[in-house]
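Comments concern the structure below.
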Amino acid sequence: LQALVSGESEEESNGVNLMEFSDEILLHILSYVPCTDLVLNVRKTCRKLATLCLDKSLTHTVLLQKDYKVNKDKVKQLMRDIGREIYQLNMAGCYWLPSSTIDHVIRCKNLVKLNMSGCHITSLRLSKMLSTLQHLRSLAIDVNPGFDASQLSSECKATLSRVSELKQTLYTPSYGVVPCCTSLEKLLLYFEILDRSREGFMLSGQLMVGESNVPHYQNLRIFYARLAPGYVNQEVVRLYLAVLSDRTPENLHAFLISAPGSFAETGATKNLLDSMARNVRLDALQLPKAWINGSGLLQHLKFNNPFYFSFSRCTLSGGHLIQRVINGGKDLKSLTSLNLSGCVHCLAPESLFRKAEDDIDSSILESLVVSCCNLRHLNLSAAHHHSSESIGNHLCQLLSRLKHLLSLALPVCSITDVAANMEKPSMQSNVVSQPFGKKVRVGMQTYPRNITDQANQKIESSVFWTLMGSLRFLETLEIIGSSFSSAMPRNEPAIRNSLPPCVRAQSVGDSEVAAISQLTYLQSLTLAQLPNIITGSGLISIGLQCQHLRTLSLANLGMMGKVVYMSALMDMLKHCKCLRDLRLEQPYFSAGAQFFQALSHCSSLQRLCIVSRSGTLQSDAVMSFMANCLEVIMCHMFMGESLTVCKNLQQSIVRSFQADRPALNVVIFPLLHEDLTEVIRDVPMRHLDEITLFKSRVAEEPPNLWW
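Written out as structure tokens, the structure reads:
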């Protein structure tokens, strides 16, 4: 940006004047600059840029959702200058903006799409804003306690009647604005209602008085519902589904319900599914596990050109998967996203007499790979997918045929080279057996600093090395232990005990991590419960080779009583110039001066989350880090420090940096404190869902579900 602004004077090095570039090239460069900077700063530098910065290609769509430096005044000025030129406005997750900011959106008279998820907005302000947006067709909002549909004006309801796409996040039992949206074609519902109030009272799933209006689903094409844990969310979603069970929309082609835990099927939901089986042909499907397990539903549902399937946590066997979904090897080139997370028997012919740890049937996986050759997103995590000793039939070898993969999630035990594992026991077998928390002397850490030397230590013919070499365009990779569970679940106290890793995973360590460095375009990496990490040397290779890495999540690597990879991690961080999100979960993690000095090299870092049972932190080092890394707007640390230490540090950070960083969100709290869940509920949903809580995110939702 600075080079562009100063482009009128020739560069001393080569004499190039950026202002001599064509308008097309300059517009392409400017498209990478936040709209607020373009309108409020860049266009004031010269006449040419003043014209280009207001080009329709740059003002048609305004994205503020991760512009953490934007404040109320900037939004006000932006709307004054280009409000009438904006057709799509995304303010999702701008939790730091006061509700009065919404008033300035009224200037955007031509808005067609508006995303305000995560923004503070009252019923009256929503009514005033929507009354002026007559061209609006796509809307995303939150429904918070106190929402009152009776406060919506007739003009507001008229606008809502023309909306065809609605995304609604519910924090209170309510229909929200759904009954007003009589032309809905796409409905996305996120249920985030807590079972208890802050005062400890149990909440009811019954809707408020005056909310008896019935939703209009006759034109619905896409129905999506994601439920957070809790019985109230289940009660409320059943009210939304009741209307669907009476009359299934003829044009429905995507029906998706993501529900954790047990969500029992009722007579109404069974009628709905029976009606769907008779009347519609689907392109996308996701159902609660209880609705699929033990039923013949999949045999009766009809599919058109499916692009997304999720059978997460279902007991669906591989035999049923092939017969009922893929129709015995039917061509499914249209399928681009498949979620089989926690589907423990999906690669076995049957599940009746099978143990979860038994070897997979490679012919089932081969049929899947051949039929779904255009898969871009595949999730096989949270299960034991053990390959047999048969040559050429290893899971990694079969997956290497999926050349279009962009994101992949695998259990740690699935990447083990069976032959090598049989010949050589785990290097850390003696260490793993040590009691939790026992300090073990490992001596001086030595590891190769040169990638070539490190590669020579690895047998490059291993199946995982080959897989990584064949998926050169992979952007997201998750390698997660099949028995791993985070110490920070959603609405419960922190987990104190963790299950041991799978026996097959015992040999997975540094060399496998080094193989990941072949992924030149990798943007997001998650590694959890890799027991044989000895030095973490593979992390350095990733830091050097994967220069596009933006998100890194590491959890429970190596021995549990000591952070054996700390030195390598610090070396890695010095090379991660594009890293924006870092999540670390490891017992006994010491967040001291050396760690934060290394982390300060990550000049693009925006969000940091550390979860560490019995972990320690150095307050002065944290403050110095926050002062050096000006882009950091989220700092979450759940450690073993006392409540007093945590509160004092949190207050110091807020006092020192909040004024210059309007989006700053700081939570520093003892991990095992009884009030942790109360603290978590105040974390903005954007951070909670994207980084603070650990989960597999590959194929979690259909691609491009919302803009």
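Counting with my numbering, you get residues -2 to 704 for the letters of the sequence shown. All C-beta atoms, glycine included, are put in the ideal place defined by N, C-alpha and C.
When Lys154, Pro142, Gly316 are compared, the shortest CA-CA separation from serine 124 is found for Lys154. The beta carbons of methionine 682 and glycine 173 sit about 16 Å from each other, so the pair does not count as a contact at 8 Å. Judged by beta-carbon spacing, threonine 98 lies within the 9 Å limit of lysine 69, meaning their Cβ atoms are closer than that value. Residue environment analysis places aspartate 243 among the exposed positions, since fewer than 16 neighbouring C-beta atoms fall within 10 angstroms of its C-beta. Taking 9 Å as the cut-off, the beta carbon of isoleucine 492 is found no closer than this to the beta carbon of alanine 525.
A direct Cα-to-Cα measurement between glutamate 21 and glutamate 82 gives close to 20 Å. Residue pairing of tyrosine 221 in beta bridges, as defined by DSSP: Leu185, Leu253. Restricting attention to Ala656, Leu46, Thr58, the CA atom closest to the CA of leucine 23 is found in Leu46. Across the set Val175, Leu167, Gly264, the C-alpha of Leu167 shows the shortest separation from the C-alpha of asparagine 230. Here cysteine 499 carries a coil assignment [DSSP, helix/strand/coil]. Within the DSSP secondary-structure output, glycine 506 pairs in a beta bridge with Asn529. Tyrosine 65: not part of any alpha helix (DSSP H); DSSP gives it neither H nor E. Residues of the same chain with a CB within less than 7 Å of the CB of arginine 321, apart from the 5 flanking positions on each side, are Leu295, Gln296 in chain order. If you draw a 10 Å sphere on the C-beta of tyrosine 221, you find 16 or more other C-beta atoms in it, and that means buried. For isoleucine 688, the CB contacts under 6 Å within the same chain, skipping 5 residues up- and downstream, are Asp578, Arg580, Arg604, Cys606 in chain order. A Cβ-Cβ separation of about 19 Å leaves lysine 330 out of contact with asparagine 376 under the 8 Å criterion. Shown here, phenylalanine 691 sits in coil according to DSSP, grouped into three states, outside any helix or strand.
Classified as exposed, lysine 299 has fewer than 16 neighbouring CB atoms from the shown chains inside 10 Å of its CB. With contacts defined as CB atoms closer than 9 Å, methionine 620 and leucine 661 fail to qualify as a contacting pair.
For arginine 604, the enclosing beta strand (DSSP E) stretches over residues 604 to 608. Separation of tyrosine 29 and leucine 111 (C-alpha to C-alpha, rounded to the nearest whole angstrom) is 21 Å. In this structure, cysteine 575 and serine 538 do not form a Cβ contact; the two beta carbons are roughly 16 Å apart against a cut-off of 8 Å. For phenylalanine 666, the pairing in a beta bridge is given by DSSP as Phe635. Beta-bridge partners assigned by DSSP to valine 59: Leu86.
The C-alpha of alanine 287 lies about 43 Å from the C-alpha of serine 534.
Setting aside the 5 residues that flank it on each side, isoleucine 219 is surrounded in the same chain by Lys183, Ala251, each with a C-beta closer than 6 Å to its C-beta; the list follows chain order. With respect to the 9 Å criterion, serine 384 and histidine 342 are not classified as neighbours on the basis of their beta carbons.
Distance from the CA of serine 135 to the CA of histidine 684, rounded to the nearest whole angstrom, comes to 24 Å.
Using a 10 angstroms sphere on the CB of glutamate 697, the tally of other CB atoms reaches 16 or more, which defines it as buried. Between alanine 484 and glutamate 582, the CB-CB gap stays under 9 Å. Valine 13 counts as exposed, since fewer than 16 other beta carbons sit within 10 angstroms of its beta carbon. DSSP places tyrosine 305 inside the beta strand (DSSP E), whose first and last residues are 299 to 307.
Taken through DSSP and simplified to helix, strand or coil, serine 314 comes out as coil.
Distances from the CA of leucine 468 to each of Lys400, Asn529, Cys499 were compared; the closest alpha carbon is that of Lys400.
Residue environment: glutamate 189 is assigned as buried (16 or more neighbouring CB atoms within 10 Å of its CB, all protein chains considered). As computed with DSSP, lysine 571 is found in no beta bridge at all.
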